[in-house]
Amino acid sequence: MIGVRVTVPISCFRKGYAREYLETHLLPPPATCYGFLLSLVGECDRQRHIGCRVTAGLISAPVKSVVLRKVWRVKNPRPEARENIRPDYQELLSNLELVLWLDSAEEDRSRPTLDKRVCSTLEYPEHTHRFGGLSLGESTHLVNDVSVIKEISKLKGDLEATMFLLDARGEQTLPVWVDHVQSTNTRYVTGTIQTRNLNTLSRDEIPMIIPP
Amino acid sequence: MESINDLKTIELELHAPGMSPLHRAGLGGLACTLHAWQKGMYSGAGTNWDYPFRFEIKTDSITLELSEPQQAANALQKLFEFGFQINSDGLIFLPGQFHSPPDSAFLADLQAGYLLTFLQHGTSRKLAKNESQVSHHLPDGGSWEVPVAYRKCSWFKQQSGWKDLIDQHGRFQTQPIRIDSSIYPGASIRHFAFKNQTAIKEPLKRILPLYFSLVGCLAMAVNRGVGILLVPEVKDLHEFIQQRPRLNPQHASECRVLNSADAILQAKTRVGAKLGINSVTFQPTPWALQIKSRVKTCEVAALDDLTISQFQIVYDALRPRIVALESDLNRSSSKQTTVKAFQSGYRVDSIMRSLIAENLIDRKPWYSGFSSMMSKTNPNTGRLFRDQVMYEAQGLHQLISTPGIWGRDEERLLVGMIQNAVTGLLSGKRSGAIHSARRSAPSTCGWAYEKIRLKLARTQCQSQLRSLLSQLLNQSRSKKTSSTEYNQCLAFINEDWLRCRDLSLLALVCFSGRVSEEQKLKQSA
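Written out as structure tokens, the structure reads:
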């Protein structure tokens, strides 16, 4: 299991049903974290690392604000049509400091696993072929910096984070696989958001990335 | 998500993946409806509503079991017919929400809430063209009534929602079903040019609870254009069956709310501080005037009892009032022969309570931001907030006189000192004015008061406020202030001058009732 420390100045993890007044989750859902890690290692096939477990933990306390922004909605198939643009409110989180926990023990071991690829990308970035800005959430929400915490046991003291962890009777439901076009093939898991010491995490509590 | 077992049994789990707070509230609403149905059957009152399926309500799931798969259409039809009714007055009546059927006036107020949230689109309900009227009869007032205008409803979407949940053979639908904003407000089609591809579709196990979210949630109107949807956090279905009827407003004055924070806190005072409630505000936006869009959300988990008791004090001091219509009073006094049995009134609510409720929810001191009320304009009415706040001076005076409302001694002390100072200052002005020129007497106090208010409202920094308050306290003739208290207040100003500015203006407004009364008396004389 590795931890990837990420800081993001401004971000939004939009709730699936929020199609007007774009609400944000407090944390990036596992599916978003997985997409971010694939982007980091330059992987275009989203099925490549199925079976890995990933979740996000908040180290900082982000500030939530609401802005008015431009939103695209295709009412007219002609892309230049004016009715395709409208304003709407969006919630934003500022000054996020996260640790993404990644465990690749249950991935296909015959190929390089995601945790190894993440470590090698950050250690030897010149060997990785990737493109575009690295963002967490929307494409305009670029990250500030990324670094790896290789072993949990080496963490200093009692580092606590607010994390999404699996819980059959939890009150939160977050996607581990998103159907971006329709919603029918989105896969959710149930869990709770709890503040935990990072040294006490077990693998079974971390959501697994599996398509429906 | 588990599949439906041989199309005969369906188990709806509270904590299943994909169950959002609205889904869970909907499952709670379904549990309440089934409970009401069962209660009606046992009591013999609901003989017309025999149910053609078996059901079991556990703490975290509901199981519906049919005798035959083909019974699904009949079973769902009966369930929906019982759960979504329209009474003889043409008002939406959801039996799952009440222990016993309420007055039509309450239903009319609740219907106003539904029409601003779930059922705002013309395609989701059929309403009469002309308005009808029902009235709240106030038990304490004796001869008072509050009329509520509404349009009679003859159909709403939930009534025929069962048709979407079955296939052509009358069995449970196994394909995902499209949802729209009448069962999930805000969940619209993303791209209208590609309706089929970008509509939100849900499996039966999640869409059936969504239909009953109308029962589980509480929709309330702020005014004719703004609605608040309260979504309670359902953790235990048995517990929620007991809680849901208590969530409803109990009096005519509670049927309208000021904003989402006020709605949540009022609901919590009725149900309990531990119940988590999410709220969504719906109102027209400048870019979509024809519909009420989601413009704000608020999530409030369990609160401490102190916050609820503080809100209770605030609500008692600044509660909604029933005001008589002047024309009715005149008519009843002038023509003795046509005296009405009931005098009509309308509900007037507090402006200040909305600010205080928001502060309590945000865990700020209850008076935070009061200075903005002294300088800004109310966007809903176009009037200055401070003019409206003046009508609440008496309530505010009652509020600041209640010891339980203050978190710190310094707050109470500062307010008391400022009030003493202003009393002394204005009494000096008054007596001086009476001696010098009798004509200027009525306006002197008012001008002095306005001068202090303007100076306080325009204060921009700590040193400015400190010097202003020191000057005020020194000029006054108050002998009640000890030097220890004085120094304590100065330390408080240094610590947080913004809070002190809010408190100073609050103290001034509480005092203003006496000034305006005096002016009115003098002008009338």
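Residue numbers (my numbering), protein chains in the order written: chain A, 1 to 212; chain B, 1001 to 1525.
All C-beta atoms in this analysis are idealised placements derived from N, C-alpha and C, irrespective of residue type, glycine included.
### Task
Consider the Cβ of residue 56 (chain A): report whether some Cβ of chain B lies at a distance smaller than 8 Å.
no
### Task
Over the uninterrupted alpha helix (DSSP H) stretch that includes residue 1270 (chain B), give me the two end residues.
1260 to 1271
### Query
Got a sec: is the Cβ-Cβ distance from residue 1197 (chain B) to anything in chain A below 8 Å?
Yes, residue 1197 (chain B) lies at the interface with chain A (some Cβ there is under 8 Å from its Cβ).
### Secondary structure of residue 1200 (chain B), DSSP reduced to three states
coil
### Message
Which residues of the region 14 to 37 of chain A have a Cβ closer than 7 Å to any Cβ of chain B? Give them in chain order.
### Response
Residues passing the 7 Å Cβ filter: 17, 18, 19, 20, 21 and 23.
### Task
Report the option in B:1041, B:1113, B:1081 and B:1089 whose CA atom is closest to the CA atom of residue 1135 (chain B).
B:1089
### Message
Along the chain, where does the alpha helix (DSSP H) containing residue 1359 (chain B) start, and where does it finish?
### Response
1352 to 1361
### Message
Measuring only the C-alpha atoms, how far is residue 1032 (chain B) from residue 1228 (chain B)?
### Response
21 Å
### Query
Can you tell which of B:1128, B:1509, B:1469 and B:1132 has its C-alpha closest to the C-alpha of residue 1491 (chain B)?
Each of B:1128, B:1509, B:1469 and B:1132 was checked against the Cα of residue 1491 (chain B), and the nearest Cα belongs to B:1469.
### Task
Can you tell me the Cβ-Cβ gap for residue 1546 (chain B) and residue 1421 (chain B), rounded? I've got them flagged as a contact below 8 Å.
Any property of residue 1546 (chain B) remains undetermined from this structure, which presents chain B solely from 1001 to 1525.
### Inside the region 1207 to 1232 of chain B only - alpha helix (DSSP H) runs reaching at least 4 residues
1213 to 1216
#### Entry: Cβ contact (3+ pairs, closer than 8 Å) linking the region 1012 to 1027 of chain B and the region 161 to 175 of chain A
yes
### Message
I believe residue 1112 (chain B) touches residue 1259 (chain B) by the beta-carbon criterion, under 8 Å. Please report the beta-carbon distance rounded to the nearest angstrom.
### Response
Between residue 1259 (chain B) and residue 1112 (chain B) the Cβ distance is about 16 Å, and since that is not below 8 Å, they are no contact.
### Query
With DSSP run on the structure shown, which of helix, strand or coil describes residue 1234 (chain B)?
coil
### Message
Please list the terminal residues of the continuous alpha helix (DSSP H) segment that includes residue 1023 (chain B).
### Response
1021 to 1043
### Message
So within the region 100 to 128 of chain A, which uninterrupted alpha helix (DSSP H) runs reach at least 4 residues, ignoring any that extend past its ends?
### Response
Taking only runs of at least 4 residues, the alpha helix (DSSP H) segments lying wholly in the region 100 to 128 of chain A are 114 to 123.
### Task
Out of B:1265, B:1283 and B:1294, state which residue places its alpha-carbon closest to the alpha-carbon of residue 1277 (chain B).
Measuring from the Cα of residue 1277 (chain B), the nearest candidate turns out to be B:1265.
### Query
Going by beta carbon distance, what residues of the same chain come within less than 8 Å of residue 66 (chain A), once the five residues before and after it are set aside?
89, 90, 91 and 92
### Task
Pull up the distance between the alpha-carbon of residue 169 (chain A) and that of residue 192 (chain A), whole angstroms please.
Whole-angstrom Cα-Cα distance: 8 Å.
### Query
In the DSSP assignment, what are the bridge partners of residue 1155 (chain B)?
B:1126
#### Entry: Residue of B:1404, B:1463 and B:1372 minimising C-alpha distance to residue 1453 (chain B)
B:1372
### Task
Please report how far the alpha carbon of residue 128 (chain A) lies from the alpha carbon of residue 41 (chain A), in whole angstroms.
7 Å
### Task
Mind listing the chain B neighbours of residue 75 (chain A)? Cutoff is C-beta to C-beta under 7 Å, in chain order.
1192 and 1193
### Query
Quick one: which chain A residues come within Cβ less than 9 Å of residue 1239 (chain B)?
In chain order: nothing, as chain A lies at least about 14 Å away.
### Task
Mind listing the chain A neighbours of residue 1527 (chain B)? Cutoff is C-beta to C-beta under 7 Å, in chain order.
Past the edges of chain B, shown from 1001 to 1525, lies residue 1527 (chain B), and the structure says nothing about it.
### Message
Is there a C-beta anywhere in chain A that falls below 8 Å from the one on residue 1332 (chain B)?
### Response
Per-residue confidence for residue 1332 (chain B) stands at a pLDDT of 47, beneath the threshold of 50, marking its modelled position as unreliable; no derived number is given.
### Query
What number of angstroms, rounded off, separates the C-alpha of residue 11 (chain A) from the C-alpha of residue 1055 (chain B)?
45 Å
### Query
DSSP state of residue 1397 (chain B), grouped into three classes?
helix
### Message
In whole angstroms, give me the CA-to-CA distance for residue 1188 (chain B) and residue 1073 (chain B).
### Response
27 Å
### Message
According to DSSP, simplified to helix, strand and coil, what is residue 193 (chain A)?
### Response
When DSSP states are grouped into helix, strand and coil, residue 193 (chain A) belongs to the strand group.
### Pairwise C-alpha distance: residue 164 (chain A) and residue 1094 (chain B)
37 Å
### Query
What three-state label does DSSP hand residue 87 (chain A) in the structure shown?
strand
### Residues bridged to residue 65 (chain A) (per DSSP)
A:92
### Task
On a CA-only basis, which of B:1323, B:1168 and B:1014 is nearest residue 1238 (chain B)? Give me that one, please.
B:1014
### Message
Against chain A, which members of the region 1264 to 1290 of chain B pass a CB distance test of less than 7 Å?
### Response
1287
### Query
Is it right to say residue 47 (chain A) is buried, meaning 16 or more other beta carbons lie within 10 angstroms of its own, or is it exposed?
exposed
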